[in-house]
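As structure tokens, the structure follows; a few thoughts come after it.
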Amino acid sequence: MRVGGEPHRTIWVAPDGWSVRVIDQTRLPDAFEVVTLTTADAMTRAIATMVVRGAPLIGVSGAYGLCLALREDASDASLERAVLTLAEARPTAVNLRWALERMRAALAPLAVSARVDAAYLLAAELADEDVATCEQIGAHGATALLDVFRARGERGALRVLTHCNAGWLATVDWGTALAPLYRLHDQGVPLEVWVDETRPRNQGYLTAWELGQHGVPHTVIADNAGGHYMQRGEVDVVIVGSDRTTRTGDVCNKIGTYLKALAAHDCGVPFFAAVPSSTLDFALRAAGDIPIELRSPAEVSERPGVRAANPAFDVTPARLVTGIITERGVAAATEPALVAMFPERA
Ligand code: MRU
Numbered sequence: 000m001r002v003g004g005e006p007h008r009t010i011w012v013a014p015d016g017w018s019v020r021v022i023d024q025t026r027l028p029d030a031f032e033v034v035t036l037t038t039a040d041a042m043t044r045a046i047a048t049m050v051v052r053g054a055p056l057i058g059v060s061g062a063y064g065l066c067l068a069l070r071e072d073a074s075d076a077s078l079e080r081a082v083l084t085l086a087e088a089r090p091t092a093v094n095l096r097w098a099l100e101r102m103r104a105a106l107a108p109l110a111v112s113a114r115v116d117a118a119y120l121l122a123a124e125l126a127d128e129d130v131a132t133c134e135q136i137g138a139h140g141a142t143a144l145l146d147v148f149r150a151r152g153e154r155g156a157l158r159v160l161t162h163c164n165a166g167w168l169a170t171v172d173w174g175t176a177l178a179p180l181y182r183l184h185d186q187g188v189p190l191e192v193w194v195d196e197t198r199p200r201n202q203g204y205l206t207a208w209e210l211g212q213h214g215v216p217h218t219v220i221a222d223n224a225g226g227h228y229m230q231r232g233e234v235d236v237v238i239v240g241s242d243r244t245t246r247t248g249d250v251c252n253k254i255g256t257y258l259k260a261l262a263a264h265d266c267g268v269p270f271f272a273a274v275p276s277s278t279l280d281f282a283l284r285a286a287g288d289i290p291i292e293l294r295s296p297a298e299v300s301e302r303p304g305v306r307a308a309n310p311a312f313d314v315t316p317a318r319l320v321t322g323i324i325t326e327r328g329v330a331a332a333t334e335p336a337l338v339a340m341f342p343e344r345a
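Be aware that the sequence shown starts at 0, since it is given in numbering that gives the first Met the number 0, and climbs by one per residue.
Here it is as structure tokens:
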């Protein structure tokens, strides 16, 4: 996507051919700063502190973290250690483990001397794959959203509500939930996006920044305002991303997503989740088995004498999900539909 008119990805290899550059998302939207990471420890910290964030991006970041680890030491022990350490940086988004497992499976059988070059090639492949996947999600999601717009007579603008940031900042490029919006906007479909602020980390301001860079009209709202606008008929469709979706179609995403889905269900507003296959966890049937990250209470409140809790994600049950938009098309949020769409993964 473009920043100040210039095309950008969220992660890339520096001109030295090995260090890794990322956009520091803790500084956005106030400042656009690029940081250079040179060690696996630095990458682990960047993931844990949300310098890089969003399920697909932390997957690719983990892959590059492994490249940096292997540059220091490409032995079997180092590979195993780095996979474990990077995987622990954040527990909920399955993309991190998915990418690390793909790297491990490809690299472990190789001679130690061949591992570093192969790791960089595979990490670049994962990054390119993510871009292609998100582009496809954009195409399928645009069709689904256009159907909603047509069903209500294409009057005015299509009014979309989104939660957190599932845009290009959360991926390598394009985004998941925002990819269809960029596509529709480029096709000339009028849009108005309600952007949930997304307490406590305020990822909504990342979404607002992205949409602003692309010229998509949007309005930031307090997290609790979504139900109000849905009740008043001012939301046509909700679209969110996911950090892990079970084989039965339960969608884990940023805390507060579940409440939006409940309100959407009550108000008859379609609720879509945009989910690349790297976010599908076919090993999990029970939503209760998804590890929910508990972040520092200080992100919620630092008032003296106040006890705070900070679960970072929640689970929207499949029954509240209208459709799961993947790179292969839109599936019902059911096990048979997801298995039929990705038989090789199931
Ligand atoms: O805690 P974050 O900012 O990493 O959470 C991000 C989300 O919840 C996104 O909606 C999800 O990762 C999908 S990103 C395409």
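Ideal Cβ positions, reconstructed from N, Cα and C, are used throughout, including at glycine.
Original post:
Got a sec? Which residues, its chain only, sit under 7 angstroms from A262 by beta carbon, not counting five neighbours each side?
Top reply: G225, G226, M229
**OP:** Say whether the segment 156-171 touches the segment 101-117, bearing in mind that this needs 3 or more beta-carbon pairs closer than 8 angstroms, one atom from each stretch.
**Re:** no
Original post:
For T170 versus G53, is the C-beta distance shorter than 8 angstroms?
Top reply: yes
Original post:
When we look at the beta-carbon of Q202 and count the other beta-carbons within 10 Å, is it buried (16 or more) or exposed?
Top reply: buried
Original post:
Based on Cα-Cα distance, which residue from L258, C251, E292 lies nearest to R284?
Top reply: C251
Subject >> Three-state class that DSSP yields for H139 in the structure shown >> reply: helix
Subject >> Straight-line Cα distance separating V215 from L183 >> reply: 10 angstroms
**OP:** Alpha carbon to alpha carbon, how far is A332 from F271? Give it in angstroms, no decimals.
**Re:** 10 angstroms
Original post:
Hey, is the segment 15-24 in contact with the segment 237-244, meaning 3+ C-beta pairs nearer than 8 angstroms?
Top reply: no
Original post:
Would you say the beta carbon of A404 comes nearer than 7 angstroms to a heavy atom of the ligand MRU?
Top reply: The structure shown has nothing for residue 404, since the chain only spans 0 to 345.
Subject >> Bridge partners - F312, DSSP secondary structure assignment >> reply: K253
Subject >> Runs of alpha helix (DSSP H) wholly within the segment 164-192 (minimum 4 residues, chain order) >> reply: 178-185
**OP:** Pick helix, strand or coil for F341, following the three-state DSSP scheme.
**Re:** coil
Original post:
Does the Cβ of G140 have 16 or more other Cβ atoms within 10 Å, making it buried, or fewer, making it exposed?
Top reply: buried
Original post:
Does the segment 298-312 come close enough to the segment 123-134 that 3 or more CB-CB pairs lie under 8 angstroms?
Top reply: no
Original post:
Do you know how far the Cα of T37 is from the Cα of D15?
Top reply: 11 angstroms
Original post:
When we look at the beta-carbon of R89 and count the other beta-carbons within 10 Å, is it buried (16 or more) or exposed?
Top reply: buried
Subject >> heavy atom of the ligand MRU below 7 angstroms from D195 C-beta >> reply: no
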